[in-house]
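Participant: Residue numbers (my numbering), protein chains in the order written: chain A, 1 to 490; chain B, 1001 to 1263. C-beta: ideal position from N, C-alpha, C; glycine also.
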Amino acid sequence: MSDKETAGTRANDGQTLADATTGDYKYGFSTDVDTDVIPAGLNEDVIRLISKKKGEPQWLLDFRLEAYRYWLTLKPPTWAHLDIPPIDYQAISYYAAPLPRKAPGSLDEVDPEVLDTFNRLGIPLQEQKALAGMAVDAVMDSVSVRTTHREKLAEMGIIFCSFSEAVKDYPDLVRKYLGKVVGYRDNFYAALNSAVFSDGSFVYIPRGVRCPMELSTYFRINSAGTGQFERTLIVADADAYVSYLEGCTAPMRDENQLHAAIVEIIAEDRAEVKYSTVQNWYAGDAEGRGGVYNFVTKRGLCRGDYSKLSWTQVETGSAITWKYPSCVLAGEGAVGEFYSVAVTRNRQQADTGTKMIHLGNNTRSTIVSKGISAGSSQNSYRGLVRVAPSASGCRNYTQCDSLLLSDHCGAHTFPEIKIGNPTAVVEHEATTSKISEQQIFYCNQRGIPTEEAVGLIVNGYAREVMNKLPMEFAVEAQKLLAVTLEGSVG
Amino acid sequence: MNELLKVENLRAGIDGKEILRGINLTVRPGEVHAIMGPNGSGKSTLSGVLAGDPRYTVTSGTATLGGADLLALSPEDRSHEGLFLSFQYPVEIPGVTMVNFMRAAVNAKRKYLGEPPMGASEFLKMMRQKRAIVELDNKLASRSVNEGFSGGEKKRNEIFQMAVLEPRLAILDETDSGLDIDALRIVASGVNALRSADNATIVITHYQRLLDYIKPDFVHILYKGRIVYSGGPELALELEEKGYDWIKETADNADGANTGANA
């Protein structure tokens, strides 16, 4: 039989399927700005220097030093399904600030190059151009360069500023809440962050206030050889509501860069916090060179009765992701949610999931995790649902799906369920699927090319999670998902 | 010269097994051709090969659509050139709404033709009009592609997509299978409504029943990968009455004679 003609050669044969490209990372540029970078290395003097540069009070320096001394006693965790190369913590610079860095008052004090960087990222910082309906705190390397819409929010008593300013302007609030949800003893990376954290955002929504716009922090790593260690603290007082977004990008560099962040959230009685992330740190190239190591501790304490915390994350970037946004449901009837889409391709590794800790009676949690694995990547869901012996009437529903786009990627699930109270109702569903050739051909027959078909199918698969994103983010996130997976089917 | 589809000596198979063993077929604009035949005769293979289903391998022969070399085109370009296949088993695509799916399809074709994407309101209006042709309700737009559709809804959804894409050549692969009489009537009247002097339809079916509703101009009988008999609409009735056995017998005898001669 001669092989003269093959039906549908272009659409879906093995060659095309296996042809994983390096894709298009449009945020991979770096900006040439004057930057104050302290020499690489980590010791108590470095921590004192960071604290001094930021003009911090003594109690905060003490907090850092305590964390640092504790960190020295720790080893990096090895329980995750990740292959993490040894990290030389003495080779990293722990502070890099674009100059001039006076407190962000007037825009004239911000380097035009920095403004331009954020413009290119689609985040205009000039007040007249600032995105309507969204206030942005822009963080480059170790410092916040600009927070928009501050005055308007202040009229309602809402505090939205960089962490450094919060330390200066609201020291009592910061001191009251800092480290209360994620203590420095929590884990290796949390201890490191507590010692060297540079900037981040601080949000306080007073009692009964519904924040009228999305609050957003945009994190940008720019300098080479530096790490980013930001800290975000969100406090929603009784009956308050806030929706908070974070976005992250970094230049393409051959070296690995370390990002170890902490997010702490506190929700009082009937308060509701929605926290959405589109994580698109540079993921490294097709051979696994470069990329950000993303080791993040995110946790919220639903302290108040009937309080609610909802995490939504779309994880497409980073060479390695180690991240478990969690909810401690302490108040009666508190609600925790976790909606996640984690995409890995090439040689990316992700170990991500959540912990739902039910301490209060009648607390409820929902977990929807959608893993998408392509290339030679490894993608793990790791989750814990724990119901305390004293907590009655608790419910959890977990749905954990994996979509495989290649034959040599890995998808794993590590769900752990610890039920201490017999009245709990816990459900767990899991599926693993592949995009079928028949689905692709069906799309092709209707005129939709394979690349676009994969984007459609993947977005369909992730729809339940994407629908949870605020409108401003959802469209971008859908495009990101489609672009990320271009050429990744195989 | 006004041939829409011209298939000559087409041979094709799957996994090294030859299924089509020299198909010849000419379809002109305005015509309806019925292709009938017993199970396993190659009916679905023929529709799959013409549409570019990657499972099949063409080993020899030619097929042109409006003069263009069909077999050289990707499946999506065959679609853009005006070929539509109504699937016997439409696949489900969870989470992808019909409105998003059809918008992607329509705009891919417009891009191919060098036209700008269709505006949202114009598109939704068109969706509404086309939906009415097969009596699908307004929930269709927000439902996922074929997910949770009944057998009848799936087939109506195929004809709906055909209405949206306005193909020059539609191939209906056993569109009648699994349909009750009401769904069959709706599907058939949809197909009839879309007929014009410029387009053509190939109806692949096992039974005469569908042909009561969609009147063919020509009937072909496919057996063991060849069209062994062609005739007018009366051939379908004859088959209904006498079954396929007489066709099989005639064809097998002829085939045996050929084989004998070659050996």
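#1: Could you compute how far the alpha carbon of Thr366 (chain A) sits from the alpha carbon of Glu1018 (chain B)?
#2: Express the C-alpha separation of His412 (chain A) and Pro470 (chain A) in angstroms, rounding to a whole number.
#3: Is the segment 391-403 of chain A touching the segment 1004-1023 of chain B, taking contact as three or more C-beta pairs under 8 Å?
#4: By how many angstroms is the C-alpha of Leu60 (chain A) removed from the C-alpha of Lys102 (chain A)?
#5: Note down, in chain order, each residue of its chain lying with its Cβ closer than 6 Å to the Cβ of Tyr461 (chain A), except the 5 sequence neighbours on either side.
#6: Closer than 8 Å by beta-carbon distance: list the chain B residues that pair up with Glu246 (chain A), in chain order.
#7: Can you list, in chain order, the residues of its chain with a C-beta nearer than 6 Å to that of Phe202 (chain A)? Leave out the 5 residues immediately preceding and following it.
#8: Which of the residues in the segment 361-372 of chain A, read from start to end, lie with their CB under 9 Å from any CB of chain B?
#9: Looking at the structure shown, is Ala18 (chain A) part of a helix, part of a strand, or coil, going by DSSP?
#10: By the three-class DSSP mapping on this structure, what secondary structure does Asn187 (chain A) have?
#11: Among B:Leu1124, B:Leu1083 and B:Met1127, which one has its Cα closest to the Cα of Lys1109 (chain B)?
#12: Taking the alpha-carbon positions, what's the Leu329 (chain A) to Ser310 (chain A) distance?
#13: For Ile448 (chain A), decide whether its Cβ has a neighbour in chain B, counting only Cβ atoms nearer than 8 Å.
#14: Cβ closer than 7 Å: which chain A residues qualify as neighbours of Ala1105 (chain B)?
#15: Let's test the definition: count the other Cβ atoms within 10 Å of the Cβ of Ile1181 (chain B) and tell me whether it reaches 16, buried, or not, exposed.
#16: Between Leu74 (chain A) and the rest of its own chain, which residues show a CB-CB distance below 7 Å, the 5 nearest in sequence each way excluded?
#17: Am I right that Asn256 (chain A) and Tyr293 (chain A) are in contact with their C-beta atoms under 8 Å? What's the rounded C-beta distance?
#18: Check whether the Cβ atoms of Asp269 (chain A) and Ala238 (chain A) lie closer than 8 Å to each other.
#19: Of the residues A:Ile92, A:Arg345 and A:His81, which one's Cα is nearest the Cα of Asn43 (chain A)?
#20: Is the beta carbon of Arg382 (chain A) closer than 8 Å to that of Phe414 (chain A)?
#21: Short of 6 Å in beta carbon distance, which residues of its chain neighbour Tyr89 (chain A), apart from the five on each side in sequence? Order them along the chain.
#22: Could you say if the segment 1103-1122 of chain B and the segment 1139-1150 of chain B meet the contact criterion of at least three C-beta pairs nearer than 8 Å?
#23: Which ranges would you report for the beta strand (DSSP E) in the segment 1005-1076 of chain B if only whole runs of at least 3 residues count?
#24: So, is the C-beta of Asp437 (chain A) closer than 8 Å to a C-beta in chain B?
#25: State the beta-bridge partners of Asp351 (chain A) as determined by DSSP.
#26: Distance check for Leu1025 (chain B) and Leu1010 (chain B), CA to CA, integer angstroms please.
#27: Report yes or no: is there a C-beta of chain B within less than 8 Å of the C-beta of Tyr282 (chain A)?
#28: For the putative contact between Gly447 (chain A) and Ala482 (chain A), defined by C-beta atoms under 8 Å, what is the C-beta separation to the nearest angstrom?
#29: Using CA atoms only, rank isn't needed, just tell me which of A:Ile440, A:Gly375, A:Thr484 and A:Trp71 is closest to Trp497 (chain A).
#30: My understanding is that Ser326 (chain A) touches Ile357 (chain A), with C-beta atoms under 8 Å, so please give their C-beta distance in whole angstroms.
#31: Would you kindly check if the distance between the Cβ of Gly1013 (chain B) and the Cβ of Thr1062 (chain B) is under 8 Å?
#32: Quick check on DSSP: helix, strand or coil for Glu1253 (chain B)?
#33: Under 7 Å Cβ to Cβ from Gln1088 (chain B), same chain only, skipping five residues before and after it: list those, please.
#34: Against chain A, with Cβ distances strictly below 8 Å, would Gly1095 (chain B) count as a contact?
#35: Leaving out five residues on either side along the sequence, give the residues of the same chain with a beta carbon under 7 Å from the beta carbon of Lys53 (chain A).
Facilitator: This is what the structure holds:
#1: Counting from 1 along the first sequence, the entry for residue 366 (chain A) is found at position 366. Counting from 1 along the second sequence, the entry for residue 1018 (chain B) is found at position 18. The straight-line gap from Cα to Cα measures roughly 52 Å.
#2: Counting from 1 along the first sequence, the entry for residue 470 (chain A) is found at position 470. Counting from 1 along the first sequence, the entry for residue 412 (chain A) is found at position 412. If I take the Cα positions, the gap works out to 29 Å.
#3: no
#4: For the purposes of this step, residue 102 (chain A) is identified with residue 102 of the first sequence, where counting begins at 1. For the purposes of this step, residue 60 (chain A) is identified with residue 60 of the first sequence, where counting begins at 1. With a pLDDT of 49 at Lys102 (chain A), under the threshold of 50, the predicted position of this residue should be treated as unreliable, though the coordinate-derived value follows. Approximately 21 Å, taken between the alpha carbons.
#5: Here residue 461 (chain A) refers to the residue found at position 461 of the first sequence. Cβ within range, chain order: Leu403.
#6: Reading the first sequence from its first residue, position 246 is the one you call residue 246 (chain A). By Cβ distance, chain B contributes nothing, its closest Cβ being about 25 Å from Glu246 (chain A), past 8 Å.
#7: Residue numbering aside, residue 202 (chain A) sits at position 202 when the first sequence is read from its first letter. These residues qualify, in order along the chain: Cys161, Phe163, Ala166 and Leu233.
#8: none
#9: Position 18 of the first sequence, counting from 1, holds the residue named residue 18 (chain A). Confidence is the limiting factor: at Ala18 (chain A) the pLDDT is only 29, short of 50, which leaves the residue's position unreliable, though a coordinate-based value still follows. Of the three classes helix, strand and coil, the one that applies to Ala18 (chain A) here is helix, per DSSP.
#10: As a first step, residue 187 (chain A) must be located in the first sequence, where it is residue number 187. In the structure shown, Asn187 (chain A) sits in coil (DSSP, three-state: anything other than H, G, I, E or B).
#11: Position 109 of the second sequence, counted from the start, is the residue given in the question as residue 1109 (chain B). Of the candidates B:Leu1124, B:Leu1083 and B:Met1127, the one whose C-alpha sits nearest the C-alpha of Lys1109 (chain B) is B:Leu1083.
#12: The residue you call residue 329 (chain A) lines up with position 329 of the first sequence. The residue you call residue 310 (chain A) lines up with position 310 of the first sequence. Each residue's Cα considered, the two are about 12 Å apart.
#13: The residue given as residue 448 (chain A) occupies position 448 in the first sequence. Output row for Ile448 (chain A): interface = yes.
#14: Along the second sequence, read from residue 1 onward, the residue named residue 1105 (chain B) stands at position 105. Within 7 Å Cβ-Cβ: Arg446, Gly447 and Ile448.
#15: Start at 1 with the first residue of the second sequence, and residue 1181 (chain B) comes out as number 181. Exposed: under 16 other Cβ atoms inside 10 Å.
#16: If you number the first sequence from 1, residue 74 (chain A) lands on position 74. Excluding positions up to five away in sequence, the list reads Phe188 and Ala191.
#17: The sequence position of residue 256 (chain A) within the first sequence is 256, counting from 1. The sequence position of residue 293 (chain A) within the first sequence is 293, counting from 1. Yes, Asn256 (chain A) and Tyr293 (chain A) are in contact; Cβ-Cβ is about 6 Å, under 8 Å.
#18: Within the first sequence, residue 269 (chain A) is the residue found at index 269, counting from 1. Within the first sequence, residue 238 (chain A) is the residue found at index 238, counting from 1. Taking 8 Å as the Cβ cut-off, Asp269 (chain A) and Ala238 (chain A) qualify as a contacting pair.
#19: Here residue 43 (chain A) refers to the residue found at position 43 of the first sequence. Out of A:Ile92, A:Arg345 and A:His81, A:Ile92 has the C-alpha closest to the C-alpha of Asn43 (chain A).
#20: As a working note, residue 414 (chain A) is residue 414 in the first sequence. As a working note, residue 382 (chain A) is residue 382 in the first sequence. Yes. Within cutoff.
#21: Sequence index remark: in the first sequence, residue 89 (chain A) carries index 89 (1-based). Contacts found: Leu42.
#22: no
#23: 1005-1014, 1017-1027, 1032-1036 and 1056-1065
#24: As a working mapping, residue 437 (chain A) is identified with position 437 in the first sequence. The sequence given here places Glu at residue 437 (chain A); Asp does not occur at that position. So, interface residue.
#25: What you label residue 351 (chain A) is simply residue 351 of the first sequence in a count that begins at 1. Its beta-bridge partners are A:Trp322 and A:Ser380.
#26: Counted from its first residue, the second sequence places residue 1010 (chain B) at position 10. Counted from its first residue, the second sequence places residue 1025 (chain B) at position 25. Looking at the two C-alpha atoms, the distance is approximately 9 Å.
#27: Start at 1 with the first residue of the first sequence, and residue 282 (chain A) comes out as number 282. Tyr282 (chain A) does not count as touching chain B.
#28: Position 447 of the first sequence holds residue 447 (chain A). Position 482 of the first sequence holds residue 482 (chain A). Between Ala482 (chain A) and Gly447 (chain A) the Cβ distance is about 17 Å, and since that is not below 8 Å, they are no contact.
#29: Residue 497 (chain A) lies beyond the residue range present for chain A, which begins at 1 and ends at 490; the question has no answer from this structure.
#30: Residue mapping note: residue 326 (chain A) aligns to position 326 of the first sequence, counting from 1. Residue mapping note: residue 357 (chain A) aligns to position 357 of the first sequence, counting from 1. About 7 Å; that satisfies the 8 Å criterion.
#31: In the second sequence, counting from the first residue as 1, residue 1062 (chain B) sits at position 62. In the second sequence, counting from the first residue as 1, residue 1013 (chain B) sits at position 13. No, Cβ-Cβ distance for Thr1062 (chain B) and Gly1013 (chain B) is not below 8 Å.
#32: In the second sequence, counting from the first residue as 1, residue 1253 (chain B) sits at position 253. Correcting the residue identity first, residue 1253 (chain B) is Asn in this sequence and not Glu. In this structure, Asn1253 (chain B) counts as helix in the three-state DSSP scheme.
#33: The count along the second sequence starts at 1 and reaches residue 1088 (chain B) at position 88. Here the set comprises Ser1044, Asp1173, Glu1174 and Ser1177.
#34: Start at 1 with the first residue of the second sequence, and residue 1095 (chain B) comes out as number 95. So, interface residue.
#35: Position 53 of the first sequence holds residue 53 (chain A). Only Tyr95 meet the Cβ criterion.
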